[in-house]
Amino acid sequence: MTARLLFVPFVIGSLVAVTLGVYGNLHTPTGVAVNLAGFSGPQTVKVWLATLSALFAIVQLISASSMYGLFGPGAPSWTAWLHRWSGRIAFLLAVPVAVHCLYALGFATYNLRTVVHSLLGCFFFGVFTVKMLALPKKGLAGWVLPVLGGLAFTGLIALWLTSSFWYFTTFGIRF
Numbered sequence: 012m013t014a015r016l017l018f019v020p021f022v023i024g025s026l027v028a029v030t031l032g033v034y035g036n037l038h039t040p041t042g043v044a045v046n047l048a049g050f051s052g053p054q055t056v057k058v059w060l061a062t063l064s065a066l067f068a069i070v071q072l073i074s075a076s077s078m079y080g081l082f083g084p085g086a087p088s089w090t091a092w093l094h095r096w097s098g099r100i101a102f103l104l105a106v107p108v109a110v111h112c113l114y115a116l117g118f119a120t121y122n123l124r125t126v127v128h129s130l131l132g133c134f135f136f137g138v139f140t141v142k143m144l145a146l147p148k149k150g151l152a153g154w155v156l157p158v159l160g161g162l163a164f165t166g167l168i169a170l171w172l173t174s175s176f177w178y179f180t181t182f183g184i185r186f
């Protein structure tokens with residue numbers, strides 16, 4: 012039953028991941044896509060938005076763990092609200108980062124870090140798509156949403172490690 016319910020979400024998520032990779036590979040990078048006043052350049056905007064997204068993803072992990080009883084029975088009533096909104100915010104912060112990566116940098120193959128980062132970006136948005144399409148489905152096995160959420164969390168944190176963390180440890184903390 013679960014496999015049948017997830018077939019269409021997996022097909023669509025796979026199409027999202029492949030489309031992002033193909034577009035990123037075929038598009039000629041422009042060098043600049045997202046910039047905000049107050050930052051020294053578009054790269055610092057990207058690393059800070061990604062950092063905020065990763066922080067909201069950590070809120071997601073903690074709130075989901077609470078809802079699944081990992082901190083004991085009875086999560087506070089506001090936990091589901093916090094989980095939904097932290098996820099929305101994390102995603103909204105990740106979108107301009109993805110736009111910048113795709114439009115300004117493309118699917119990067121300069122070295123192992125950039126290849127892994129590019130693949131992780133495709134993976135994250137593919138898995139996120141599957142999770143969002145699976146959410147309203149009734150009759151899924153109880154493990155499905157935690158696994159999809161865990162994969163999305165892992166993908167986003169790995170993206171952060173291969174971009175923002177790398178940037179901060181290479182160039183220092185800048186704004």
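Just add 11 to the spot in the sequence shown (first one is 1) and you have my numbering. In this text, a Cβ means the ideal position worked out from N, Cα and C, and glycines have one as well. Note that the structure is a prediction, hence the values are computed from the model and not measured.
Are the Cβ atoms of C133 and L31 separated by less than 7 angstroms? yes
Pick out whichever of Q71, M78 and W96 has its Cα sitting closest to the Cα of L167. Q71
Closest residue to L66 among G153, G183, L170 and R185 (Cα-Cα distance): L170
Does the separation of the CB atoms of P40 and L116 fall below 7 angstroms? yes
For K57, does the count of other Cβ atoms within 10 angstroms reach 16, so buried, or fall short, so exposed? buried
With contact counted as at least three CB pairs below 8 angstroms, one residue from each stretch, are the segment 148-163 and the segment 121-132 in contact? no
G42 versus L146, L144, F136 and V110, residue with shortest Cα-Cα distance: V110
Close beta carbons around F136, own chain, < 7 angstroms, minus the five adjacent residues each side: V27, A28, L31 and A109
Does the separation of the CB atoms of M78 and A68 fall below 7 angstroms? no
Extent of the continuous alpha helix (DSSP H) to which G80 belongs: Looking at the DSSP string, G80 is not in any alpha helix (DSSP H), and its letter there is neither H nor E.
Tell me which residues share the same chain as L104 and place their Cβ nearer than 6 angstroms to its Cβ, disregarding the 5 neighbours each side in the sequence. L60, L63 and S64
Where T173 falls, given that 16 or more other Cβ within 10 Å makes a residue buried: buried
Under DSSP, the alpha helix (DSSP H) around M12 begins and ends at which residues? Note, M12: premise wrong, no alpha helix (DSSP H); not H, not E.
Go through its chain and collect everything with a Cβ distance to T125's Cβ below 6 angstroms, but skip five positions before and after it. A119
Can you grab the Cα-Cα spacing for the pair Y121 / Y178, in whole Å? 15 angstroms
I'd like the list of long-range same chain contacts for W96, defined as Cβ closer than 6 angstroms, with 5 residues on each side in sequence excluded. none
S51 burial status per 10 Å Cβ neighbour count (16 or more: buried): exposed
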